[in-house]
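Data first, discussion second: the structure below is written as structure tokens.
4 protein chains.
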Amino acid sequence: MTIRFAVLGCGRIGKMHAEMLARQVPGASVTVVFDVVDAAAQSVGADIDARVATSLADAVSANDVDAVAICTSTDTHVDAMVAAAEAGKAVFCEKPISLDVAAVDRGLAAVAAAGVALQIGFNRRYDPSHKAVADAVKHGAVGDVHLVNIISRDPGPPPIEYVKVSGGMFNDMTIHDFDMARYVTNSEVVEVYAKGAVRVDPAIGEAGDIDTAVVVLTHADGTITTIDNSRRAAYGYDQRVEAFGSNGKASSDNTHQFNSVLATEQGYRRPPLENFFLERYAKSYLDQWDAFVAYVTAFAGDASVASPASGADGRAPLVIGKAALLSMNENRPVTIEEIHNAQQESNS
Amino acid sequence: MTIRFAVLGCGRIGKMHAEMLARQVPGASVTVVFDVVDAAAQSVGADIDARVATSLADAVSANDVDAVAICTSTDTHVDAMVAAAEAGKAVFCEKPISLDVAAVDRGLAAVAAAGVALQIGFNRRYDPSHKAVADAVKHGAVGDVHLVNIISRDPGPPPIEYVKVSGGMFNDMTIHDFDMARYVTNSEVVEVYAKGAVRVDPAIGEAGDIDTAVVVLTHADGTITTIDNSRRAAYGYDQRVEAFGSNGKASSDNTHQFNSVLATEQGYRRPPLENFFLERYAKSYLDQWDAFVAYVTAFAGDASVASPASGADGRAPLVIGKAALLSMNENRPVTIEEIHNAQQESNS
Amino acid sequence: MTIRFAVLGCGRIGKMHAEMLARQVPGASVTVVFDVVDAAAQSVGADIDARVATSLADAVSANDVDAVAICTSTDTHVDAMVAAAEAGKAVFCEKPISLDVAAVDRGLAAVAAAGVALQIGFNRRYDPSHKAVADAVKHGAVGDVHLVNIISRDPGPPPIEYVKVSGGMFNDMTIHDFDMARYVTNSEVVEVYAKGAVRVDPAIGEAGDIDTAVVVLTHADGTITTIDNSRRAAYGYDQRVEAFGSNGKASSDNTHQFNSVLATEQGYRRPPLENFFLERYAKSYLDQWDAFVAYVTAFAGDASVASPASGADGRAPLVIGKAALLSMNENRPVTIEEIHNAQQESNS
Amino acid sequence: MTIRFAVLGCGRIGKMHAEMLARQVPGASVTVVFDVVDAAAQSVGADIDARVATSLADAVSANDVDAVAICTSTDTHVDAMVAAAEAGKAVFCEKPISLDVAAVDRGLAAVAAAGVALQIGFNRRYDPSHKAVADAVKHGAVGDVHLVNIISRDPGPPPIEYVKVSGGMFNDMTIHDFDMARYVTNSEVVEVYAKGAVRVDPAIGEAGDIDTAVVVLTHADGTITTIDNSRRAAYGYDQRVEAFGSNGKASSDNTHQFNSVLATEQGYRRPPLENFFLERYAKSYLDQWDAFVAYVTAFAGDASVASPASGADGRAPLVIGKAALLSMNENRPVTIEEIHNAQQESNS
């Protein structure tokens, strides 16, 4: 059985997903694509032989569509999720679901009401190196986890125009690390302490954001996670996770541009790291789709089947990010409970 | 400008090349495919929207074809090469050109007479890690090269049926290492000493072949190369090249299945190596096509433009393989000159 | 010229220093040794052909002594320092100088008044791997430093009896990391946030201490340092420092028990780390003595000659440790200024 | 019980052994030292509080001596061995026993006749990294061994004066690798093929020696060993051993000058290798003495107790070296049997 997709959004990430689903994912095909910029949809549609929908609603409700991949801009995710859920389709949604927790809750409620499958696009969970760390924890090789270290440094900052609308570094970049901390430990975060700084580019500070951060997360089970972020690592895209516990540690290393060493009187030299996230995480995107296909196949309306990255997994990092921002601004540890209470007040 | 290909042979390797050319190689497209097993050609043709030719001759001579990719069985390479050359097409030919040196010479003569471009499929030349070793030599980082070590061990032996027809381990497996030795040093081999053994599987010995070998090559510039081969490395596909010289050494390392380490009281553990050559060398196949497109574009009838892997590069490893076989059988060093002289006698 | 030492304290660390000074440090010799347990002094004295003093005062004031190495128990360091300074001897003092900042100030005042040389035993500054990180920062290879990560995990906890009197993990173990943070960045710490936990052994908690900690230090120049501590790493003595900045990063790796790899179907296996601090840091202890000899030789009464680890370097980590303890107990960031102010109040 | 040594020869290596035995080897002490250059003996004797003998005979026959360490020049080893054996002392002899096989046989005959313990100074057997390779083979972790690779490159050539008298590179440098091949495989060498070259320094060639070599050894059990030698590796002292077999491989890696990495836009850089053999192999020399003490203690006149490096282990590499020299000179494989037959003829 093949899962037939409607792909919403044909920008860089939507195009990548559409091509993967059309050509590289067993059990998947793309029936229809949509983008508010019609030319983008036409180009991708022609490339992969998919129909171009004239509206998001048409794409989502088509009879020959089983699942919807939401790759549009963040502010439109929830509406698309609700539409897809109401049409009874399985839903894949790129992260973040939304920057607004209340909107997230609206989307998740629609999914729950419709009883459809939902998976959030935290692709790093499927990276073979990071996954091996999580698996080592899950299978007990690390023992009780005491400490987790996440180093996550980009090769270079995004354009200032993006910085201005991204929702801030915690929402745009650290969100992956918040998810990684929950994924690796399998324990909820209960407290956050964050320090941020502008060290890479003053223009980022002028745009109201930071480019360097350290975050300390305390988990419900007592594990302490440190996150170390920078918008610019001169030696490439630096992505490391280490889980330390009573039996030892599991850690993921980086991928160099190639595997060669030059040894001279000056020492031993290896090349810098891979630079681009689509290249570094290529396999994780493919494996994410395999996980979605397996999940949707197993789900079949049975909500007890766990999503590889559930709605709750999509919501938690947003709340952690809010706590981190408050912590940084007020230079004090902030509990998740405090954020939840504030959220409930603002909801009521 | 796009180079339009006819792909001859739609087996495992031909199918991979056809799909790459159709989808992943800028400046390339596939017009027509052919296979003596028509169903194989139909399947690939449908997959990539290419015409299926009814004969090799039709595929090669089509007006909308600029280049021919010869991916058929080894014994048919030369006839296809001659046909493509006579049709004035650029030629890409999988290695080995042929197991028969006289046949190789016939093919190369046709290419020379027609003045067409020719590139042999020594894909490992484009592997980023091995290429970095060759580049370090070329750019002088290693200084004068004194010693080269090539370790080339397969994860497991091929089926016995293949062993019986492959032309022997030196022709089928070590041929890549003979090419690597010439590629890295940029110096011709003048003498060969080979030791072979059956250590992996007695059935390989019963089929008349070996599964374990050490070969010592002496180059015209005095460099000595050692090659170490096994048909079965329990820990994966082991592919290492090291060039040592007056300024130091350049070496290529292996790729592990993923980049994680588990550290416990028992020590630090990394996963085994990647197991499958198509996976290990995936990028080299793509880069090989980029090199072909660049070469054919630059060539434009000008035979002074050097091929990334010329006809002479395709011929030399066959001769080295013959010397290795004679050396192993008679347990003595054998010069390339001795093989050439014997070849000339048999030709006359 | 040889610097003649009186070694005070002949326990594990004093014995090691006495033997090194007697046999392995060019420009050093040991004239006299002392220990309150006379048998310990007699044994070391016989071993290295040194006189055994009948009192600390006699050892410190001897005419054939140029320098005093204070390796006694922590609570006696300051009195010994004052006595040595008043006798006009160069002083080497094991860390920590004292757990009491007022006492430290009394010792440093005596050293300043006497105009003698003083070096504190922060041996890790001389570890070739950590030193290379500090040197890379100093020489600009890392650029402006943004983030420092220190991972410092012992192979196993000390005896509970020691835990009860050590002054707590921050004073006994993390003190090295506080010093490392200042040494690598060359910037004072201005704020501390600490999380501690009992994860390794409940008995440590019952003794009033912690065994697991994360500390975030903010430096005057904006650098943020994270420290990750555990009393027990199953895979050995884990000691890593990483300094990240605008030009890249410098990091120190661990030493394995030996340099071998076993590769099988189960993967690649290296041995665990070296387990014992005297073995792991053996070279740092020797290089520390070379640095002391060079410093004392250059000093010659000229207080402008900088100590490799000055009295101020000995004092600062104690203050940071107090801030860390307060931060942990009250779960809030604590400034160094707050500790200084409290210290001044209690002094007045 | 302490084994009391007479140390013969107080040059660089003898001095090192005398100091180790006097200070660092449990169960060992040095009673007497001797050197034909009396000043050398006086200096070492004073340093370690040992008596200086007026003749080799006196040193060897002293009543308060249990074992003799022969560290004199190679041409005097056998006479010293005979004298020590006849005096009933346990014998440690630096390698090579002699460059003359007949002389070796005379020494071994004296040892056998006296029934004393004998250990040859192949210190690399005790290097923890190489030993781990041999142990992995011995304990079956590698399975049946098929191939062994030994890379052994010095950081720089010895003085030409030494080259002229060393007996040639095979006797002076490769001898360690011949021993390593036997030690790791535990199988005798039956055939040798050697290629040599002068690539590092023409003056070495003018002195009648080579500085670059590849040697292929065939063992009795079918294992093939390759040895790769150079007198000068720009990046330091390169010492690697790899044993490959049916279950995988065990390999020893090099030690860098320190364990740090600098990562910048130019890549990841580690320091060069340790440069000096006494530093690189320091631990192996100590462990060699521990092995000698254990062996002599267990021996106690019982010749069935195996030496960690027996007289036969000292003899075999000399014969392999002769085969290598003949092979190189005549460019053909040479059997060990051929050398033995020639030796017997010349003896008769």
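So the sequences go chain by chain: W, V, H and X.
According to our numbering, the first sequence holds residues 1048 to 1395 in order.
According to our numbering, the second sequence holds residues 1048 to 1395 in order.
According to our numbering, the third sequence holds residues 1048 to 1395 in order.
According to our numbering, the fourth sequence holds residues 1048 to 1395 in order.
Cβ coordinates follow ideal geometry from the N, Cα and C atoms, glycine included.
Query                                                                                                                                                                                   : Result
Answer with buried or exposed for Val-1148 of chain W, where buried requires no fewer than 16 other C-beta atoms within 10 angstroms of its C-beta.                                     : buried
Can you tell me where the beta strand (DSSP E) with Gly-1314 of chain W in it begins and where it stops?                                                                                : 1314 to 1317
Since Val-1106 of chain W contacts Phe-1346 of chain W with CB under 8 Å, what's their CB separation in whole angstroms?                                                                : Going by the sequence as given, residue 1106 of chain W is Ala instead of Val. With 8 Å as the limit, Ala-1106 of chain W and Phe-1346 of chain W do not qualify as a contact, their Cβ atoms being about 21 Å apart.
Between Ala-1350 of chain H and Gly-1135 of chain H, which are expected to be in contact by the criterion C-beta below 8 Å, what is the C-beta distance as a whole number of angstroms? : Rounded, the Cβ-Cβ distance is 14 Å, inconsistent with contact.
Hey, does Thr-1049 of chain X have any beta-carbon neighbour from chain H nearer than 8 Å?                                                                                              : no
Taking a Cβ distance cut-off of 8 Å, strictly less, list which residues of the region 1300 to 1320 of chain X are near chain H, in chain order.                                         : Asp-1300, Asn-1301, Thr-1302, Gln-1304, Phe-1305, Asn-1306, Ser-1307, Val-1308, Leu-1309, Ala-1310, Thr-1311, Glu-1312, Pro-1318
At a CB-CB cut-off below 8 Å, which residues of chain H make contact with Arg-1246 of chain W?                                                                                          : Asp-1191, His-1193, Gly-1269, Ser-1293
Can you name, in chain order, every residue of its own chain whose Cβ lies under 7 Å from the Cβ of Lys-1211 of chain X, other than the five neighbours on each side?                   : Ala-1254
If you measure beta-carbon to beta-carbon, which residues of the region 1256 to 1289 of chain V are closer than 9 Å to chain H?                                                         : Ala-1280, Ala-1281, Tyr-1282, Gly-1283, Asp-1285
Output yes or no for whether 8 Å exceeds the beta carbon distance between Ala-1250 of chain X and Ile-1207 of chain X.                                                                  : yes
So the candidates are X:Gly-1314, X:Ala-1329, X:Asp-1113; which of them puts its Cα closest to the Cα of Thr-1049 of chain X?                                                           : X:Asp-1113
Just how far apart, CA to CA, sit Ala-1100 of chain H and Met-1220 of chain H?                                                                                                          : 32 Å
What residues in the region 1370 to 1384 of chain X have a beta carbon less than 8 Å from any beta carbon of chain V?                                                                   : Asn-1378, Arg-1379, Pro-1380
Since Arg-1316 of chain V and Leu-1309 of chain V are thought to touch, with beta carbons under 8 Å apart, how far apart are those beta carbons, to the nearest angstrom?               : 5 Å
Against chain X, with Cβ distances strictly below 8 Å, would Tyr-1240 of chain V count as a contact?                                                                                    : yes
On a CA-only basis, which of W:Asn-1394, W:Val-1084, W:Leu-1372 is nearest Asp-1256 of chain W? Give me that one, please.                                                               : W:Leu-1372
Which residue from H:Tyr-1173, H:Val-1091, H:Arg-1229 puts its Cα closest to that of Ala-1359 of chain H?                                                                               : H:Arg-1229
In three-state DSSP terms, what is Asn-1378 of chain H?                                                                                                                                 : coil
Just the C-alpha distance for Ser-1331 of chain W and Glu-1238 of chain H, rounded to the nearest angstrom, thanks.                                                                     : 39 Å
I'd like to know whether the C-beta of Lys-1062 of chain V is nearer than 8 Å to at least one C-beta of chain X.                                                                        : no
Span of the alpha helix (DSSP H) holding Val-1148 of chain V?                                                                                                                           : 1148 to 1161
List the whole-angstrom C-beta distance separating Cys-1118 of chain X from His-1064 of chain X, where the pair is believed to meet the contact cut-off of C-beta under 8 Å.            : 6 Å
Quick one: give me the first and last residue of the beta strand (DSSP E) that Ala-1341 of chain H is part of.                                                                          : Ala-1341 of chain H -> not in any beta strand (DSSP E); alpha helix (DSSP H) instead, spanning 1329 to 1346.
Assuming Gly-1215 of chain H and Glu-1312 of chain X form a contact by the criterion Cβ under 8 Å, report the distance between their Cβ atoms to the nearest whole angstrom.            : With a Cβ gap of about 43 Å, Gly-1215 of chain H and Glu-1312 of chain X do not count as contacting.
Report yes or no: is there a C-beta of chain H within less than 8 Å of the C-beta of Val-1231 of chain X?                                                                               : no
Between the region 1378 to 1386 of chain W and the region 1085 to 1096 of chain V, do at least 3 Cβ pairs fall closer than 8 Å?                                                         : no
Does any residue of chain W have a CB that is nearer than 8 Å to the CB of Asn-1322 of chain H?                                                                                         : no
Check whether the Cβ of Ile-1144 of chain X sits closer than 7 Å to any heavy atom of the ligand FMN, and report yes or no.                                                             : In terms of ligand content, the structure shown is empty, and the ligand FMN therefore cannot be addressed.
Check this for me: beta carbons of Ala-1087 of chain W and Leu-1103 of chain W, under 8 Å apart or not?                                                                                 : no
Establish whether the CB of Asn-1196 of chain W and some CB of chain H are separated by less than 8 Å.                                                                                  : yes
Is the shortest distance between the beta-carbon of Pro-1175 of chain V and the beta-carbons of chain W less than 8 Å?                                                                  : yes
Can you tell which of W:Tyr-1240, W:Ile-1274, W:Ala-1131, W:Ala-1109 has its C-alpha closest to the C-alpha of Met-1375 of chain W?                                                     : W:Tyr-1240
For Leu-1068 of chain X, which option in X:Thr-1232, X:Asp-1174, X:Glu-1321, X:Asp-1334 has the closest C-alpha, if you only look at C-alpha atoms?                                     : X:Asp-1334
Which runs of the alpha helix (DSSP H) at least 4 residues long sit entirely within the region 1203 to 1268 of chain H? Give them in chain order.                                       : 1207 to 1212, 1216 to 1219, 1221 to 1232, 1249 to 1253
State buried or exposed for Gly-1368 of chain W, treating a residue as buried only when at least 16 other CB atoms are found within 10 Å of its CB.                                     : buried
Nearest to Cys-1057 of chain W by CA position, among W:Ala-1075, W:Gln-1071, W:Gln-1089, W:Arg-1070, is which residue?                                                                  : W:Gln-1089
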